[in-house]
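The listed protein sequences derive, respectively, from chains A and V.
Counted the way the numbering used here counts, the first sequence spans residues 721 to 946.
Counted the way the numbering used here counts, the second sequence spans residues -10 to 301.
Quick reminder that beta carbons are idealized off the backbone N, C-alpha and C, glycines included.
Take a look at the structure below.
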Amino acid sequence: MSIVAVRNLHARLGGRAVLHGVSFAAEPGTLTAIAGPNGAGKSTLLRGLAGLLPGGRAEPKRVAWLPQDARCAWGLTIAQVAALGRIPHGDADEAAIDRALAACGIAHLRDARVDRVSGGQARRAMLARAFATDPAALLLDEPVADLDPAACFEIMDLLRRTAHAGRAVVVVLHALDLALRYADRMVVMQDGRIVADAPPEAALPAAAAAFGLRLGPDPAPLLLPG
Amino acid sequence: MTGRLWALAAGLAVLSLLVGGAGFGLIDPLILWQIRLPRTALALLVGGGLGLSGAVLQGALRNPLADPGLLGIGGCATLGAVIAFYWGLGAAFPPALPLAGMLGAGIGCAVLLGFAGRMASGPGLILGGVALSAIAAAFLALALTLAPNPFALSEITFWLMGGLADRSLTQLALAGPPIVLGCLILLRLGRGLDALSLGEDAAASLGAPVSRTLWLAALGSALAVGAGAAVAGGIGFVGLVVPHLLRPWLGQRPGALLAASIPAGAALLLAADLLARALPLLFGFAQEPRLGVLTALLGAPFLVMIARKAAP
């Protein structure tokens, strides 16, 4: 049994059904991208996996969830933000916090206030919070949404290495090129259902169809990792 | 930092025992025990309770403008005491006034939790608090319009302004235990408040007991603020100001502010009360200014400053 899985998950949001019986299991060692149009139910599925829907449960020590608009209400230092990730363990394991900060490339900013650094650095601080939990599964909603292309490549590479080190990593991703380049598995959602679940190349036509778009001829990437 | 604030509060408390209308120093044991001791101890307790619940509520609601008064708990306590006074209960049985105040705070707290529902959310609590304040204010105005005689009207009005002058050891004994109990409840919420700084969902995903933390924040504030308001009347802005004064030294983590906010609130209220007593001596006022008026005069500009800083 996978550490995070849902079976036949139904969910309503403000009276509207957003998930119609979705089944999904995250696999250890795999970076899974969830793609699909706005309102397809991607974030709700991730919340379901995190045990945040009514009746749901998850083990906080083993599952870290990062919402799309993750931010901190107060001007904590970046090290303090990462330390919040240790709450499930009830400790302040400095080594785990330092590892998380280093992995996210913000070790040099540990004493900077999270409300006084750039948006990208604040986003990395939130990611470090999830890493500091040292979870078996990472559930990340648009973790690279406000990062520049170089930072996107860097974070996606980090997530792939994290997954291949044996964790289950599930990422809601709008950037299909990133899904294609980094993910091992792509789940395409449309209108509250999973319409494709395959390696990214195989799932790409379904993703294009879900958006109501066509695939272009041999898409040459504009930018490549350095 | 917390130790130094306690030392400051203790120093101000000693000063408070030595200063008064009768003059400086240990003039008469009766004045010391019956007048200055209850006044000083109540300033410590009420100020400490206001400071701590301000720090907790700002953390719980993730709002730097949150204040115990915001939740309407103080207003309900005031209303309870005014009703007791109105029906002559206070004259017939003196402890009825603070007891009714605490009852009002307790009812206010229960109504608030009913508003916010089982899964108490931050915005829900704020809305409930605003509604509760409005209801309490309306009933207070009604009680004032229907006041049986001009004497009762002026008595209520003075009490509403808040103050610690002429409080008795009985009132100290009545208000002390609930304030201490409320503070003990609030002091344990640090970790939950830290988690809440990421939002309620993220805090829940970290395994933090979100709705329990919010419930206990409301309950602890009802005890600490309600009991204080019942004996001291309407004293505002201490809970708002204290966390802001502490953040430059202790950082912004909500849990880091809790322990220090008790002595900080106590020191602030003692200082304000000393000022209230010193003004007549210095300027020859016929009466000392009401403590609640002083804290409002000092606190309101502070509120404007915070709001300006928070604005983009």
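Item                                                                                                                                                                                      : Value
Taking the Cβ atom as the reference point for each residue, do Phe74 of chain V and Ile145 of chain V lie within a distance shorter than 8 Å?                                             : yes
Determine, using beta-carbon pairs with one atom in the stretch 832 to 844 of chain A and one in the stretch 867 to 875 of chain A, whether at least three such pairs fall under 8 Å.     : yes
With respect to the beta strand (DSSP E) encompassing Arg913 of chain A, which residues constitute its N-terminal and C-terminal limits?                                                  : Arg913 to Ala918
Decide if Lys762 of chain A is buried, meaning its Cβ has at least 16 other Cβ atoms within 10 Å, or exposed.                                                                             : buried
In the DSSP assignment, find the unbroken alpha helix (DSSP H) run with Gly69 of chain V in it and report its ends.                                                                       : Ile62 to Tyr75
Determine the DSSP secondary structure at Gly756 of chain A, reduced to helix, strand or coil.                                                                                            : coil
Just list the residues that DSSP pairs Trp785 of chain A with in beta bridges.                                                                                                            : A:Leu859
How many angstroms separate the CA atom of Leu247 of chain V from the CA atom of Pro53 of chain V?                                                                                        : 14 Å
Consult DSSP for Val220 of chain V and reduce its assignment to one of helix, strand or coil.                                                                                             : helix
Can you tell me which of A:Arg849, A:Pro941 and A:Leu935 puts its alpha carbon nearest to the alpha carbon of Leu187 of chain V?                                                          : A:Arg849
So is Met108 of chain V buried or exposed if we call it buried at 16+ other beta carbons inside 10 Å?                                                                                     : In this prediction, Met108 of chain V scores a pLDDT of 45, lower than 50, which makes its location untrustworthy; the coordinate-derived value is nonetheless stated afterwards. Per the 10 Å Cβ criterion, exposed.
Give me, in chain order, the residues of the same chain whose beta-carbon lies closer than 8 Å to that of Gln276 of chain V; leave out the 5 immediate sequence neighbours on both sides. : Pro269
Can a CB atom of chain V be found closer than 8 Å to the CB of Gln800 of chain A?                                                                                                         : yes
Inspect the beta-carbon positions of Gly97 of chain V and Leu121 of chain V and report whether they are closer than 8 Å.                                                                  : yes
Starting from the Cα of Ala30 of chain V, find the closest Cα among V:Leu6, V:Val230 and V:Leu234 and give me that residue.                                                               : V:Leu6
If we cut at 8 Å on Cβ distances, does Arg107 of chain V have a partner in chain A?                                                                                                       : Residue placement at Arg107 of chain V is flagged as unreliable, the pLDDT there being 46, under the threshold of 50; the coordinate-derived value follows with that caveat. No, its Cβ sits nowhere closer than 8 Å to a Cβ of chain A.
Taking 8 Å as the CB-CB limit, is Ala193 of chain V close to chain A?                                                                                                                     : yes
Quick check on DSSP: helix, strand or coil for Val891 of chain A?                                                                                                                         : strand
I think Ala2 of chain V touches Leu259 of chain V, with their Cβ atoms under 8 Å apart; what is that distance to the nearest whole Å?                                                     : 6 Å
Given this structure, state the Cα-to-Cα distance separating Thr298 of chain V from Leu235 of chain V, to the nearest angstrom.                                                           : According to the sequence as given, residue 298 of chain V is Lys; it is not Thr. The alpha-carbon atoms of Lys298 of chain V and Leu235 of chain V are separated by roughly 16 Å.
Contact defined as beta carbons within less than 8 Å: I believe Gly171 of chain V pairs with Gly37 of chain V. What is the distance between those atoms, to the nearest angstrom?         : No, Gly171 of chain V and Gly37 of chain V are not in contact; Cβ-Cβ is about 10 Å, not under 8 Å.
Keeping to the same chain, check which residues put their C-beta closer than 8 Å to that of Ala962 of chain A; ignore five residues upstream and five downstream.                         : In this structure chain A extends from 721 to 946, so residue 962 of chain A is not present and cannot be described.
Considering only DSSP beta bridges, list what His730 of chain A is partnered with.                                                                                                        : A:His740
For Pro290 of chain V, count the other beta carbons within 10 Å of its own beta carbon; 16 or more makes it buried, fewer makes it exposed. Which is it?                                  : exposed
Which residues in the same chain have their Cβ closer than 6 Å to the Cβ of Arg905 of chain A, if we skip the five residues on either side of it in sequence?                             : Thr750 and Thr752
Name the chain A residues that come within less than 8 Å of Pro232 of chain V, Cβ to Cβ?                                                                                                  : Within chain A, no residue comes near Pro232 of chain V; the closest Cβ sits about 10 Å away, beyond 8 Å.
With DSSP as the reference, label Gln910 of chain A as helix, strand or coil.                                                                                                             : strand
Please report the straight-line C-alpha distance between Gly215 of chain V and Ala832 of chain A, rounded to a whole angstrom.                                                            : 39 Å
To be precise: take each residue of the stretch 781 to 800 of chain A, compare its Cβ to all Cβ atoms of chain V, and keep it if any distance is under 9 Å. Which residues remain?        : Lys781, Val783, Ala784, Trp785, Leu786, Pro787, Asp789, Ala790, Arg791, Cys792, Ala793, Trp794, Gly795, Leu796, Thr797 and Gln800
Where does His828 of chain A land, buried or exposed, given buried means 16+ other C-beta within 10 angstroms?                                                                            : exposed
In chain order, what are the residue ranges of uninterrupted alpha helix (DSSP H) at least 4 long that sit wholly in the stretch 97 to 181 of chain V?                                    : 111 to 134, 139 to 150 and 158 to 176
Looking at the unbroken alpha helix (DSSP H) that takes in Gln841 of chain A, where does it start and where does it end?                                                                  : Gly839 to Ala852
Does any residue of chain A have a CB that is nearer than 8 Å to the CB of Ala197 of chain V?                                                                                             : yes
Nearest chain A C-beta to Leu187 of chain V closer than 8 Å, yes or no?                                                                                                                   : yes
Could you have a look at Arg777 of chain A and say whether DSSP puts it in helix, strand or coil?                                                                                         : coil
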